[in-house]
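In our numbering, the protein residues as written are 1 to 324.
Here's what the structure looks like:
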């Protein structure tokens, strides 16, 4: 982590001095009604120099659990650093959040258009502003996401395998799981990686849903990380994780062999043995009942909570190889 100089920080034309708090407007665009839409950027600076951390959520407008985590960091004052600077952007895709949709009004997934363009699509323009106006000022990013399409993710961090810096930060965060995953083309994470900005991606819960356990995992992990960096105010207590983080090298989706009504019977985060019953697929008429059994030993890190599934639908995300 770099130690920033004790001077003014200028974002979107607004200068924030050491020891100051300020909310800056990220001017996105107007609605079709000519109503202006701004993304609030909450900046808290200590008088003491230190790293600059960025907490982001809502890149997908339907992932409200991540928004809730960053909201709590702000409302509880956790974002007021002992040293350095903390920047919070609870809702990046404000259009999707307003309309309860994952994508932007132009139909694009913001997380597939980075680094964006100043003259491209609406999503591309927002991506370009974020990368060029905010990211140059930060040393590290925590980006909060949730599962989609009724799929509930166990709280987990994602980043590329064998990244020693992120491994150390992930251990400090203390999420139940770390899932090593490749950087996706044109994603926020990939772009930050290319710029040399370490990013921990947090996944937990599902879209259109706020889950207390997932929220607590995100908030408590953030506090542990801030304490690790010497940025957490001494007034906040830090709890130890209930168990050590499980690092997952490889995993796979177990898919439905039949269409029908589906109900999982295994709690998220459980360790299962090959052959254990994970749930059942039935028909509406009481004539068919198929037990979904684990294809291998592993941890269940995602469960499909949809009551109706079709043949080939992803039901469970299960680890296949743990880090030795």
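By construction, the Cβ of each residue, glycine as well, lies at the ideal position given by its N, Cα and C atoms.
**Message:** Could you pull the DSSP bridge partners for residue 252 from this structure?
**Reply:** Within the chain shown, numbered from 1, the residue matching residue 252 stands at position 252. Partner(s): 318.
**Item:** Alpha-carbon spacing of residue 63 relative to residue 277, whole angstroms
**Value:** Counted from its first residue, the chain shown places residue 63 at position 63. Counted from its first residue, the chain shown places residue 277 at position 277. Approximately 30 Å between the Cα atoms of the pair.
**Asked** Mapping DSSP to helix, strand and coil, what is residue 184?
**Response** To locate residue 184, count along the chain shown from 1; it is residue 184. Three-state result, residue 184: coil.
**Message:** If you reduce the DSSP assignment to three classes, tell me which class residue 245 lands in.
**Reply:** As a position in the chain shown, residue 245 is number 245, starting the count at 1. Looking at residue 245 - three-state DSSP - the assignment turns out to be coil, as it is neither helix nor strand.
**First and last residue of the uninterrupted beta strand (DSSP E) at residue 147** = For this step, residue 147 is matched to residue 147 along the chain shown. It spans 140-147 - the beta strand (DSSP E) in which residue 147 sits, taken as one unbroken run.
**Message:** So, does the region 247-263 touch the region 274-292, judging by three or more C-beta pairs under 8 Å?
**Reply:** Touching, yes.
**Asked** For the region 50-138, which segments carrying the alpha helix (DSSP H) assignment without a break, of at least 4 residues, lie completely within its bounds, in sequence order?
**Response** With a minimum length of 4 residues, the continuous alpha helix (DSSP H) runs that stay inside the region 50-138 are 64-75, 94-99, 122-129.
**For residue 90, the nearest candidate out of 55, 101, 121 (CA to CA)** = Translated into the one-based positions of the chain shown, residue 90 becomes position 90. Considering only alpha carbons, the answer is 55.
**Item:** Length at least 4, wholly inside the region 208-239: the alpha helix (DSSP H) runs in chain order
**Value:** Positions of the alpha helix (DSSP H) runs, each at least 4 residues long and wholly inside the region 208-239, are given as 212-228 in order along the chain.
**Asked** Is the Cβ-Cβ distance between residue 95 and residue 41 less than 8 Å?
**Response** Counting from one through the chain shown, the residue named residue 95 turns up at place 95. Counting from one through the chain shown, the residue named residue 41 turns up at place 41. In this structure, residue 95 lies away from residue 41, with their beta-carbon atoms at least 8 Å apart.
**Asked** residue 22 lies in the beta strand (DSSP E); which residues open and close that run?
**Response** Counting from 1 along the chain shown, the entry for residue 22 is found at position 22. Taken as a continuous stretch (DSSP letters only), the beta strand (DSSP E) holding residue 22 covers 21-30.
**Request:** Please state whether DSSP places residue 158 in a helix, a strand or coil.
**Result:** The residue given as residue 158 occupies position 158 in the chain shown. Note: residue 158 maps to strand in three-state DSSP.
**Request:** Using only alpha-carbon positions, find the residue among 122, 68, 10 that is nearest to residue 31.
**Result:** The residue labelled residue 31 in the question sits at position 31 within the chain shown. The shortest C-alpha to C-alpha distance from residue 31 to any of 122, 68, 10 is the one to 122.
**Asked** In chain order, what residues of the same chain have a beta carbon less than 7 Å from the beta carbon of residue 275, not counting five sequence neighbours either side?
**Response** As a working mapping, residue 275 is identified with position 275 in the chain shown. Correct list, in chain order: 293, 294.
**Item:** When 226, 28, 155 are compared against residue 237, the one with the closest alpha-carbon
**Value:** Within the chain shown, the letter at position 237 stands for residue 237. Ranking the options by Cα distance to residue 237, first place goes to 226.
**Prompt:** Cβ atoms of residue 318 and residue 263: under 8 Å apart, would you say?
**Reply:** For this step, residue 263 is matched to residue 263 along the chain shown. For this step, residue 318 is matched to residue 318 along the chain shown. For residue 263 and residue 318, no; Cβs fall outside 8 Å.
**Prompt:** Can you tell me the Cα-Cα spacing of residue 288 and residue 312, whole angstroms?
**Reply:** Translated into the one-based positions of the chain shown, residue 288 becomes position 288. Translated into the one-based positions of the chain shown, residue 312 becomes position 312. Going by the C-alpha atoms only, they are around 18 Å apart.
**Asked** Does the separation of the CB atoms of residue 146 and residue 250 fall below 8 Å?
**Response** Taking the first residue of the chain shown as 1, we reach residue 146 at position 146. Taking the first residue of the chain shown as 1, we reach residue 250 at position 250. Taking a C-beta distance under 8 Å as the contact criterion, residue 146 and residue 250 do not qualify as a contact pair.
**Start and end residues, beta strand (DSSP E) containing residue 200** = The sequence position of residue 200 within the chain shown is 200, counting from 1. Here the beta strand (DSSP E) through residue 200 covers 199-206.
**Asked** Looking only at C-alpha atoms, which of 129, 100, 53 sits nearest to residue 148?
**Response** For the purposes of this step, residue 148 is identified with residue 148 of the chain shown, where counting begins at 1. Of the candidates 129, 100, 53, 100 places its Cα closest to the Cα of residue 148.
**Request:** Closer than 6 Å by C-beta to residue 297: which residues in its own chain qualify, once you throw out the five before and the five after it? Chain order, please.
**Result:** What you label residue 297 is simply residue 297 of the chain shown in a count that begins at 1. Excluding sequence neighbours, residue 297 sits near 273, 274.
**Asked** So, are the CB atoms of residue 170 and residue 179 less than 8 Å apart?
**Response** Taking the chain shown and counting its residues from 1, the one referred to as residue 170 is at position 170. Taking the chain shown and counting its residues from 1, the one referred to as residue 179 is at position 179. No, these two residues do not count as a Cβ contact at 8 Å.
**Request:** Report the residue from 217, 164, 66, 205 whose alpha carbon sits nearest the alpha carbon of residue 304.
**Result:** To locate residue 304, count along the chain shown from 1; it is residue 304. Measuring C-alpha to C-alpha distances from residue 304 to each of 217, 164, 66, 205 identifies 205 as the nearest.
**Message:** Can you confirm whether the region 111-118 touches the region 184-201 when touching is taken to mean that 3 or more C-beta pairs between the two stretches lie within less than 8 Å?
**Reply:** The region 184-201 makes contact with the region 111-118, as at least three CB pairs between them are under 8 Å.
**Asked** Taking Cβ positions, are residue 51 and residue 139 nearer each other than 8 Å?
**Response** Looking up residue 51 in the chain shown gives position 51. Looking up residue 139 in the chain shown gives position 139. Going by C-beta atoms, residue 51 is nearer than 8 Å to residue 139.
**Message:** I'd like the list of long-range same chain contacts for residue 39, defined as Cβ closer than 7 Å, with 5 residues on each side in sequence excluded.
**Reply:** The residue you call residue 39 lines up with position 39 of the chain shown. Exclusion of the five residues before and after residue 39 leaves 26, 28, 89, 91, 92, 94 as the residues of its chain whose Cβ lies within less than 7 Å of its Cβ.
**Item:** Buried versus exposed, by CB contacts within 10 Å (16 or more), residue 9
**Value:** To locate residue 9, count along the chain shown from 1; it is residue 9. The Cβ neighbour count for residue 9, taken over all protein chains shown within 10 Å, is at least 16; the residue is labelled buried.
**Message:** Between the alpha carbons of residue 235 and residue 255, how many angstroms are there, rounded?
**Reply:** Within the chain shown, residue 235 is the residue found at index 235, counting from 1. Within the chain shown, residue 255 is the residue found at index 255, counting from 1. Cα-Cα distance, rounded: 47 Å.
**Prompt:** In three-state DSSP terms, what is residue 175?
**Reply:** The count along the chain shown starts at 1 and reaches residue 175 at position 175. Reduced to three states, the DSSP call for residue 175 is coil.
**Prompt:** Comparing alpha-carbon positions, which option in 310, 266, 34 lies nearest residue 154?
**Reply:** Along the chain shown, read from residue 1 onward, the residue named residue 154 stands at position 154. Comparing Cα-Cα distances from residue 154 to each of 310, 266, 34, the minimum goes to 266.
**Request:** Please confirm whether residue 218 and residue 144 have their CB atoms less than 8 Å apart.
**Result:** Here residue 218 is taken as the residue at index 218 of the chain shown, counted from 1. Here residue 144 is taken as the residue at index 144 of the chain shown, counted from 1. Yes. Within cutoff.
**Request:** Compute the Euclidean distance between the alpha carbons of residue 58 and residue 66, then round it to the nearest angstrom.
**Result:** Position 58 of the chain shown, counted from the start, is the residue given in the question as residue 58. Position 66 of the chain shown, counted from the start, is the residue given in the question as residue 66. Cα atoms of residue 58 and residue 66: separation of roughly 7 Å, rounded to the nearest angstrom.
**Prompt:** For the putative contact between residue 135 and residue 197, defined by C-beta atoms under 8 Å, what is the C-beta separation to the nearest angstrom?
**Reply:** For the purposes of this step, residue 135 is taken as the residue at position 135 of the chain shown. For the purposes of this step, residue 197 is taken as the residue at position 197 of the chain shown. That belief holds up - the Cβ atoms of residue 135 and residue 197 are roughly 6 Å apart, short of 8 Å.
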